Structures are given as structure tokens and as C-alpha cells.
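Protein chains in written order, with my numbering: chain A, 1 to 340; chain B, 1 to 340.
So the structure is just underneath, and the comments pick up after that.
There are 2 protein chains.
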Amino acid sequence: MRDKATSFDIAHMAGVSQSTVSRALRNSPLVNQETREKVQAIARQLNYKVDKNASSLRQRNSRTIALLLFEDPTSDDSMINPFFLSMLGSITKACAQEGYDLLVSFQHYSTDWHADYEDTNKADGIILLGYGDYMNYQDKLSKLEQQKTHFVRWGEVDKDHPGLSVGCDNFQGGYKITQHLISHGRKHLAFIGGADSHCPEFYERFKGMCHALQQAGCQDSPLQIDAINTEDSGYQAVVTLLQKSDDIDAIVCASDLIAIGAMRALKDKDIDVPGDIAVVGYDNILLASFANPPLTTVHQNTKKAGELLVTSLIKLIQGETPKPVLIPAELVIRKSCGNP
Amino acid sequence: MRDKATSFDIAHMAGVSQSTVSRALRNSPLVNQETREKVQAIARQLNYKVDKNASSLRQRNSRTIALLLFEDPTSDDSMINPFFLSMLGSITKACAQEGYDLLVSFQHYSTDWHADYEDTNKADGIILLGYGDYMNYQDKLSKLEQQKTHFVRWGEVDKDHPGLSVGCDNFQGGYKITQHLISHGRKHLAFIGGADSHCPEFYERFKGMCHALQQAGCQDSPLQIDAINTEDSGYQAVVTLLQKSDDIDAIVCASDLIAIGAMRALKDKDIDVPGDIAVVGYDNILLASFANPPLTTVHQNTKKAGELLVTSLIKLIQGETPKPVLIPAELVIRKSCGNP
DNA sequence: CTGAAAGCGCTTACAG
DNA sequence: CTGAAAGCGCTTACAG
Numbered sequence: 001m002r003d004k005a006t007s008f009d010i011a012h013m014a015g016v017s018q019s020t021v022s023r024a025l026r027n028s029p030l031v032n033q034e035t036r037e038k039v040q041a042i043a044r045q046l047n048y049k050v051d052k053n054a055s056s057l058r059q060r061n062s063r064t065i066a067l068l069l070f071e072d073p074t075s076d077d078s079m080i081n082p083f084f085l086s087m088l089g090s091i092t093k094a095c096a097q098e099g100y101d102l103l104v105s106f107q108h109y110s111t112d113w114h115a116d117y118e119d120t121n122k123a124d125g126i127i128l129l130g131y132g133d134y135m136n137y138q139d140k141l142s143k144l145e146q147q148k149t150h151f152v153r154w155g156e157v158d159k160d161h162p163g164l165s166v167g168c169d170n171f172q173g174g175y176k177i178t179q180h181l182i183s184h185g186r187k188h189l190a191f192i193g194g195a196d197s198h199c200p201e202f203y204e205r206f207k208g209m210c211h212a213l214q215q216a217g218c219q220d221s222p223l224q225i226d227a228i229n230t231e232d233s234g235y236q237a238v239v240t241l242l243q244k245s246d247d248i249d250a251i252v253c254a255s256d257l258i259a260i261g262a263m264r265a266l267k268d269k270d271i272d273v274p275g276d277i278a279v280v281g282y283d284n285i286l287l288a289s290f291a292n293p294p295l296t297t298v299h300q301n302t303k304k305a306g307e308l309l310v311t312s313l314i315k316l317i318q319g320e321t322p323k324p325v326l327i328p329a330e331l332v333i334r335k336s337c338g339n340p
Numbered sequence: 001m002r003d004k005a006t007s008f009d010i011a012h013m014a015g016v017s018q019s020t021v022s023r024a025l026r027n028s029p030l031v032n033q034e035t036r037e038k039v040q041a042i043a044r045q046l047n048y049k050v051d052k053n054a055s056s057l058r059q060r061n062s063r064t065i066a067l068l069l070f071e072d073p074t075s076d077d078s079m080i081n082p083f084f085l086s087m088l089g090s091i092t093k094a095c096a097q098e099g100y101d102l103l104v105s106f107q108h109y110s111t112d113w114h115a116d117y118e119d120t121n122k123a124d125g126i127i128l129l130g131y132g133d134y135m136n137y138q139d140k141l142s143k144l145e146q147q148k149t150h151f152v153r154w155g156e157v158d159k160d161h162p163g164l165s166v167g168c169d170n171f172q173g174g175y176k177i178t179q180h181l182i183s184h185g186r187k188h189l190a191f192i193g194g195a196d197s198h199c200p201e202f203y204e205r206f207k208g209m210c211h212a213l214q215q216a217g218c219q220d221s222p223l224q225i226d227a228i229n230t231e232d233s234g235y236q237a238v239v240t241l242l243q244k245s246d247d248i249d250a251i252v253c254a255s256d257l258i259a260i261g262a263m264r265a266l267k268d269k270d271i272d273v274p275g276d277i278a279v280v281g282y283d284n285i286l287l288a289s290f291a292n293p294p295l296t297t298v299h300q301n302t303k304k305a306g307e308l309l310v311t312s313l314i315k316l317i318q319g320e321t322p323k324p325v326l327i328p329a330e331l332v333i334r335k336s337c338g339n340p
């Protein structure tokens, strides 16, 4: 480590006490304007920066937030779900805006979480980001809550879920996009994606879909094929789907990545999208607009989401009790659903 | 902040001194096996975690690395260059592997950098990631060097550049992909992307291209149109290009994003890719494989790159003098270059 | 408005 | 192998 000036050095140069230096640099009203300016000038000149370790230790907070990113179990190591990367960008910016630093960490579902940023006082709170098997991590969330760790998670807003959630309205998204398909004459819809409490987000989308179908007079629930959030899983699911049914004319996919895989499978079988089968996704990742045909999907407002995650967490840290937030779903109509 | 157990609490419970607790928890060989186990058991039981602020303050290092991500000047706020996001993923993982935490921060080119992570002792070193106008930030790099900040930057390896660089072999990449086009009969090539010392990476790719052309017997240098690293800029550049020339049969783009924009412009003009004009990109972002036609490009090994950035920086921190690294370029042949 | 002093929670040289 | 003590560089209650 390099030799750094300390507040004592500045105090010495300015001919004041070290306490006064500290006050001057923090713009305390307790310090004389003239003194403040002299101290600040010397600090600038020496390129002095307050030692954050000492400062955090003394103040008992770090003005740092930790982001735990849970990886999708994709085979390809370097391929991270683009949706989360977009969230990461917006979280980073929101933190900067609020004057917080951001620690980022990738976590594996399988192993024990490295969630002790707050326990070690490196961070004042934690943001959890990533879908996964909810049933598996439920216990860990409860444990965090017991430890009184400050945390917010991205995901389904549900009273039974431990901790504070910020999420998009998945039910509404599934509902809207299904309604759109129905209104354009599609009659035999299938859903690709897990649809149970292991993946609450996908499940809500599915429930929204079912609700739209019921409203339209379809009493039986749609064909549903499990898939995790990868392109490959979407491909496989369509292969299975085509074996089970031959009159499907629209597929609602639980994510864009799944939809991209689904369209690849359909192309391989020479099935025209949207001519024969309409396909819609969810997330509105960058890829969706470049897919062929461009993918109709539901946009999740990642900018707003990131801001809300950060500001909610900061409120929590400050002892307030922010409410969970549901961000409205926004339809993005492109060509894969067969629209004009 | 919650009430946390300290090493004194554990000392009290274990009936030893606080120094012994500290030693036991750090697995010091100076402590008796039995004592160590007793102390560690109590620590586990209390869910005790060492306070990193205190520990870092005392040890004068934080085992934390800061990543400064420089944004491309894209109009869309939420759209971050996918290539950098991939790097971010690999850097995060590499840090975890080396036992370092990672602070992430987005920076704007225009404003002053918030590069004082090391000055404040929040980080032991810094990784700089992001292309931009090299001439603009050169001075800032020199300043970092003067301050003896430990930093590595992603980018062109060049003896005249301040600081340690890790980068892909851009010259070789430009050379290889041009050679490929020539060997498949393309004769009139253009380059899209900045080609001067303001953007050394693009420039090297361009130089590699020129070298391949010369080797093939073309003496005049290719038509070159400026573009920054956005889809839109690629689109505009092609519009300009088509006004200037009508016998181009291949376009070498400085990045995939530029290439995607270029292909959109060509499609709008009803020019067939690769039938009329071949298009190639650079980076091999996820989008490239889903483009229509799929984009031939140069892969930058982000996994290796992230690891090298992290390990080089750690060496620097430890007082070693690691060498700059050039990662070989890998051609990825798809359909946009007109291959079988 | 200013200063002397305590203390945040560790690590480690020193003495035994 | 263990303990008492110093000290990392701040912030802030206390006294003036």
C-alpha cells in the first residue's frame, strides 16, 4: 500500500486539530468557514481521501450495497441471462445516484450463498437477483430475515414470501399477451415454462394466461411443457410439444430465451412462425428485437426495477418499512405473433 | 446496524484472550489445535463474522477490486454493450475464485472518473473496461500511474500506453477475417469504424485488414467510414458508404453492433447479404449468432480475458510486474460472409 | 467554533 | 503456545 496522507497530516499543515479537519471535510456547520476552506484546500492539494475502512468502522455503516446474482443453470459459462445483465446496469446506476457503492457477486444455486456482506459490515444491505427454484431458496431467505439482514429480492410479490420483493406484474403480463393472441384469432395455445411454485414468476405468467383463456370461454387449461430459462430448454420443449399435439397455433413462452429456442425448433421442423404457429416471449431482452421474426414479448422495465430495488433497500437500511412494488407489464408487439 | 458479536465476546466465552481468538480464526499455526477448535465452534455458533472494516484498516488491504466500466455513448440508457457485460461476468467469477470482492461502477467519459477506490482503501486495485476516445483518457491513465494506483486496463497492448494492458490481438483479428473474405473471392472491401489513435482497438483491426489486402496485392487502402460502437452508427455508416461507392462487395465492421446496424441498412436498400455484399463483425456477442444471416465475426475470449485481467491485477497488487497479455483472435465463420 | 480523548473491532509485534 | 498492549485512521460526545 502506498503512503497516504492522513487527517493528522492535514491538521498539522493547517495548524488545527485533527477533529477540526474531520469536521471541515464533512462540511460540518460547526466549523468556521475560513478554517473549512483552508483545510479543504490542503486536502485537495495533497490528494487526500478519507479512509473508508476507518470511516465505516467508526460510523458503523459502509454506504455500500451488495448484489447477489444467481446464475441460471446454463451449460455455457459465459452466457448470462441478458435480462439480469440489464438489471445489473440499472442497479449500478441507481446506486451511484444514491451515493452507494456496489459489490457484485455471482452465486451458484447449489452451494451455500456467500451472503455475509452485511455480517462482515462490508455492505449495509443486499439485493437478490435471479430466478431459480423458489422452494430451494425459501429457507435461506427466512434465515436472512431472522438474522435481520437488510435485503430486497427481485421476484414475485407474495405475502407468503420472506423479505421485501420488487417485481413485475407477471400475472398481468401473461394475461395481456394471451389476450392479444386470442383477439387475433389464435385458438389452441400452449405454454412453455415451469408452472408451479418452484418458479413463481413463470407460474404467475401461466396463471395470467389461464385467466385470459377462461375469460375467452376456453374451459380446459392449456397444454403446458416444462422448461428452464435457456434457449436449449425451449428447443427441447417444442420437440416434446409437437409430439403431444398437432393443432397448436400459438405458444406462450415463459421467457425470451425460451422463445428463441422454440422458434429454432419450429424452423427445424419447417413450421412457419407466425403463419402456422405464433410465438411470444417474456422479458424483452435485446435479442428479442433481432430474432427472426422479431419476437412479440412483455417488457420488464429494468430501469425502473433497478431504481426501485435500490431505493427500497436504502429505506430498509434507514429503518423505514417500504412496501413491496409491482411494476406494470408492458406488451411489445412485433411480428412473431402474426400481427400486421 | 444490528448488534454483532465481536472477538471479545468469543474470547470471553472461550476463556481465552482476544488475540488468541483472532489467531484461531485466521488459522494461525501459533495456536493450539484444541483452542482453535473451541474458538471456531463458538464463532460458528454465534454466527460470528470478522468485521472487514476493522480487518482491512488494520491489515491495510481490502481484498477487493474495483471495476470501472466506461459506457459507450449510446442513446439508449439501458443498452450496455453486450461484450462488456460478458466481460463483467467473467471478471466477477475470476474475482470470486481468487478470494476478492468486486466493486462495480459505471463511469461516463465526460465527467471526472470516480477512480478513488484505492485512494480510499476500499479497493486494492482497479480494472478499467471500455473503449472510448483514447486521446481523451490518456492523461487520466497517466495520472493514475503517477499516483501509483494499481490498475489494469482492457485494450490495445501498446508500449506507449500508460499502465498494464490486457487485450485481444486486434491486428491479427482484422487480418484473419479479411484474409478469409479475400480467399472467398471478395475484391472490394470497406471498413466501418473509427480508424485512428482515438480508438486504438478499431484502428488495429483496420491495420490488420490493410495488411491482408496488401498481401493479396491490393495496393490502395480500403474505403473507410467512421462509426462508433452502436447499431445506429453502423446503419448510418452504410448509408454514407453506399453514396460513396457502388462496387463494394464486402464490409468489415469494427464490431458486431456496427455490423448488425450495417445489415439492417443493407436490408432496407434491398441489398442481399451475403449475395451482394458480405458483412463481418467483431466481438462475437450473443446477438451475432442470432442475426439474419448469422454473423461471421471474431471471437474475443472473454472468459480468458476476465481471468487475465484479475490475475494480472492481483500480481500488480502483490508487487510483481506482470507482462501485458495479447489474447489470440479466433475466427467464427457463419453465413454473413457468404460461406458454404 | 475548537481541541483532547474515547472508541469503532480488528491484527500483530513484543514479552513471556 | 498465550496474553497485554499498541495502533490502523477515522468520527463524535464532551468540555471549554
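Backbone N, C-alpha and C fix where the C-beta goes; we use that ideal spot for every residue, glycine too.
Quick caveat: nothing in here was measured; it's all calculated off a predicted structure.
By Cβ distance below 7 Å, which residues in the same chain neighbour residue i in space, the five residues on each side in sequence not counted?
{"i": "Glu-118 (chain A)", "result": "Asp-124, Gly-125, Ile-126, Thr-149 and His-150"}
{"i": "Asp-196 (chain B)", "result": "Tyr-203"}
{"i": "Tyr-134 (chain B)", "result": "Ser-197, His-198, Cys-199 and Pro-200"}
Comparing C-alpha positions only, which one of the options sits nearest to residue i?
{"i": "Lys-49 (chain B)", "options": "A:Asn-121, A:Arg-63 and A:Ser-62", "result": "A:Asn-121"}
{"i": "Ala-94 (chain A)", "options": "B:Gly-89, B:Phe-106, B:Ser-90 and B:Leu-102", "result": "B:Phe-106"}
{"i": "Lys-143 (chain A)", "options": "A:Gln-214, A:His-161 and A:Ser-289", "result": "A:His-161"}
{"i": "Ile-271 (chain B)", "options": "B:Ser-197, B:Ser-336, B:Glu-201 and B:Ile-225", "result": "B:Ser-336"}
{"i": "Ala-360 (chain A)", "options": "A:Asp-232, A:Lys-187 and A:Leu-213", "result": "With chain A covering 1 to 340 only, the question about residue 360 (chain A) has no answer from this structure."}
{"i": "Leu-223 (chain A)", "options": "A:His-188, A:Ser-255, A:Asp-256 and A:Tyr-235", "result": "A:His-188"}
{"i": "Glu-320 (chain A)", "options": "A:Phe-206, A:Ile-192, A:Gln-172 and A:Leu-164", "result": "A:Leu-164"}
{"i": "Asp-276 (chain A)", "options": "A:Leu-242, A:Lys-303 and A:Asp-256", "result": "A:Leu-242"}
{"i": "Gln-236 (chain B)", "options": "B:Ile-260, B:Cys-218 and B:Gln-146", "result": "B:Ile-260"}
{"i": "Val-252 (chain A)", "options": "A:Ala-212, A:Val-39, A:Gln-147 and A:Leu-67", "result": "A:Ala-212"}
DSSP three-state label for residue i, please.
{"i": "Ser-336 (chain A)", "result": "coil"}
{"i": "Ser-289 (chain B)", "result": "helix"}
{"i": "Arg-26 (chain A)", "result": "coil"}
{"i": "Arg-186 (chain B)", "result": "coil"}
{"i": "Ile-126 (chain B)", "result": "strand"}
{"i": "Arg-153 (chain A)", "result": "strand"}
{"i": "Val-279 (chain B)", "result": "strand"}
{"i": "Gln-318 (chain A)", "result": "coil"}
{"i": "Glu-37 (chain B)", "result": "helix"}
{"i": "Gly-193 (chain B)", "result": "coil"}
{"i": "Asp-101 (chain B)", "result": "strand"}
{"i": "Val-239 (chain A)", "result": "helix"}
{"i": "Gly-6 (chain A)", "result": "One point to set straight first is that residue 6 (chain A) is Thr, not Gly, in the sequence displayed. In the structure shown, Thr-6 (chain A) sits in coil (DSSP, three-state: anything other than H, G, I, E or B)."}
{"i": "Cys-210 (chain B)", "result": "helix"}
{"i": "Gly-167 (chain A)", "result": "strand"}
{"i": "Ala-227 (chain A)", "result": "coil"}
Exposed or buried, which one is residue i when buried takes at least 16 other CB atoms within 10 Å?
{"i": "Thr-178 (chain B)", "result": "buried"}
{"i": "Val-239 (chain B)", "result": "exposed"}
{"i": "Met-87 (chain B)", "result": "buried"}
{"i": "Asp-246 (chain B)", "result": "exposed"}
{"i": "Arg-36 (chain A)", "result": "buried"}
{"i": "Arg-186 (chain A)", "result": "buried"}
{"i": "Pro-274 (chain B)", "result": "buried"}
{"i": "Lys-52 (chain B)", "result": "buried"}
{"i": "His-108 (chain A)", "result": "exposed"}
{"i": "Met-156 (chain B)", "result": "Here the sequence assigns Glu to residue 156 (chain B), which means Met is not the residue at that position. Classification for Glu-156 (chain B): buried."}
{"i": "Ser-183 (chain B)", "result": "exposed"}
{"i": "Lys-244 (chain A)", "result": "exposed"}
{"i": "Gln-215 (chain B)", "result": "exposed"}
{"i": "Met-1 (chain B)", "result": "The predicted position of Met-1 (chain B) is uncertain, since its pLDDT is 43 and thus under 50; a value taken from the coordinates is nonetheless stated next. By the 10 Å Cβ count, Met-1 (chain B) comes out exposed."}
Once you ignore the five residues that flank residue i on each side, which residues in its own chain have a CB closer than 6 Å to its CB?
{"i": "Thr-92 (chain B)", "result": "Leu-102"}
{"i": "Cys-210 (chain B)", "result": "Ser-221"}
{"i": "Asp-226 (chain A)", "result": "Gly-194"}
{"i": "Gly-306 (chain B)", "result": "Met-87, Ser-90, Ile-91 and Ala-94"}
{"i": "Ser-75 (chain B)", "result": "Confidence in Ser-75 (chain B) is poor, its pLDDT being 43 and thus under 50, which makes the residue's placement too unreliable to answer from."}
{"i": "Gln-18 (chain B)", "result": "Ser-7, Phe-8 and Ala-11"}
Who are the near neighbours of residue i in its chain, counting only those whose CB is closer than 8 Å to its CB and skipping five residues on each side?
{"i": "Ser-78 (chain A)", "result": "Note that Ser-78 (chain A) scores 48 on pLDDT, short of 50, meaning its location in the model is unreliable and no value can be drawn from it."}
Discussion item. Any C-beta of chain B within less than 7 Å: which residues of the stretch 107-140 of chain A qualify?
Written reply: Asp-116, Asp-119, Thr-120, Asn-121 and Lys-122
Discussion item. What are the residues in the stretch 47-59 of chain B lying within 8 Å of chain A by C-beta distance?
Written reply: Asn-47, Lys-49, Val-50, Asp-51, Lys-52, Asn-53, Ala-54, Ser-56 and Leu-57
Worksheet item: What are the residues of the stretch 85-99 of chain B that lie near chain A, defined by any Cβ-Cβ distance shorter than 8 Å?
Response: Leu-85, Ser-86, Leu-88, Gly-89, Ser-90, Thr-92, Lys-93 and Ala-96
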